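S.K.: Submitted below is the structure of interest, expressed as structure tokens.
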Amino acid sequence: MPAVVWWLLTLPFIAGAMLPLQAGINGQVARQLGNVMGAALLSFAVGTLALFVIVLTQRDLPALQSLKALSWWQWTGGLLGAFFIATAAFAAPRTGALLFMALLLAGQLFVALLLDHFGWAGFRQSPISLGKVAGLLLIFGGVWLIQRG
Numbered sequence: 085m086p087a088v089v090w091w092l093l094t095l096p097f098i099a100g101a102m103l104p105l106q107a108g109i110n111g112q113v114a115r116q117l118g119n120v121m122g123a124a125l126l127s128f129a130v131g132t133l134a135l136f137v138i139v140l141t142q143r144d145l146p147a148l149q150s151l152k153a154l155s156w157w158q159w160t161g162g163l164l165g166a167f168f169i170a171t172a173a174f175a176a177p178r179t180g181a182l183l184f185m186a187l188l189l190a191g192q193l194f195v196a197l198l199l200d201h202f203g204w205a206g207f208r209q210s211p212i213s214l215g216k217v218a219g220l221l222l223i224f225g226g227v228w229l230i231q232r233g
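Next up, the structure:
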């Protein structure tokens with residue numbers, strides 16, 4: 085397998101590894117501020133500022149015409165991100181990192197199965213198979229075992 089493919093596989097692994105840390109940090113910020121939504125807002129403000137600096141540095145601002153061409157549903161990505169950040173800040177400190185991440189993974193894989201099957205949101209269509217369903221059921225079984233433990 086070429087090196088670029090390994091890097092492509094490593095990057096999502098690292099990003100996924102950062103999610104429980106991000107959830108913990110946002111939970112601590114929510115506790116410190118006494119406000120889950122305030123913590124989510126702060127998280128998005130810092131992320132927005134970082135992205136703004138990167139885009140300005142690259143001199144790659146999107147054209148207004150490109151923004152106008154987006155479909156309504158393409159604007160919902162930010163709302164989904166806000167929902168995730170607020171949920172993480174609220175739920176992760178209460179469930180613990182492992183159960184939170186197991187539930188997150190189960191939800192991600194369930195929706196990923198549907199997205200791939202139907203080819204929604206620009207994903208390559210890949211039909212549901214017995215093996216995929218069995219793998220997903222094993223993940224749900226893992227969530228159940230973690231929750232019991």
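All residue numbers for the sequence shown refer to our numbering, where the first residue is 85 and numbers rise by one.
Ideal placement from N, C-alpha and C gives every residue a C-beta, glycine not left out.
Nothing here was measured: the structure is a model prediction, and the numbers come from that model.
Could you check the C-alpha separation between Phe184 and Phe202 for me, to the nearest Å?
M.R.: Between Phe184 and Phe202, the C-alpha separation is close to 27 Å.
S.K.: For Leu214 and Ala99, what's the separation of their Cα atoms in angstroms?
M.R.: Roughly 29 Å separates the two Cα atoms.
S.K.: May I ask you to report which of helix, strand or coil DSSP gives Pro96?
M.R.: Helix at Pro96.
S.K.: At 4 residues or longer, what runs of the alpha helix (DSSP H) sit wholly inside the segment 166 to 215?
M.R.: Runs found: 181 to 202.
S.K.: When DSSP labels each residue in this structure, what does Arg143 get in the three-state scheme?
M.R.: Note: Arg143 maps to coil in three-state DSSP.
S.K.: Give me the residue from Gly161, Thr179, Lys216 with the minimum Cα distance to Val227.
M.R.: Considering only alpha carbons, the answer is Thr179.
S.K.: Applying the 10 Å Cβ sphere with the 16-neighbour rule, what's the burial state of Ser127?
M.R.: When all chains shown are included, Ser127 counts as buried.
S.K.: Report yes if the CB atom of Leu193 is closer than 7 Å to the CB atom of Ile169, and no otherwise.
M.R.: It is not a contact, given that the beta carbons lie outside the stated cut-off.
S.K.: With DSSP as the reference, label Gly118 as helix, strand or coil.
M.R.: DSSP places Gly118 in coil when its eight states are reduced to three.
S.K.: Using three-state DSSP, classify Ser127 as helix, strand or coil.
M.R.: Looking at Ser127 - three-state DSSP - the assignment turns out to be helix.
S.K.: Taking 8 Å as the limit between beta carbons, can you name the residues of its chain near Ala205, skipping five residues before and five after?
M.R.: Contacts found: Leu199.
S.K.: Do Val113 and Ala123 have their beta-carbon atoms positioned less than 7 Å apart in this structure?
M.R.: Yes, the Cβ-Cβ distance between Ala123 and Val113 is below 7 Å.
S.K.: So, with DSSP's three-state summary, where would you put Ser155?
M.R.: If DSSP states are grouped into helix, strand and coil, Ser155 belongs with coil.
S.K.: Compute the distance between the beta-carbons of Ala173 and Val120, then report whether it is under 7 Å.
M.R.: The answer is yes: Cβ separation under 7 Å.
S.K.: Compute the distance between the beta-carbons of Ala134 and Ala176, then report whether it is under 7 Å.
M.R.: Against a cut-off of 7 Å, the Cβ pair of Ala176 and Ala134 comes out as no contact.
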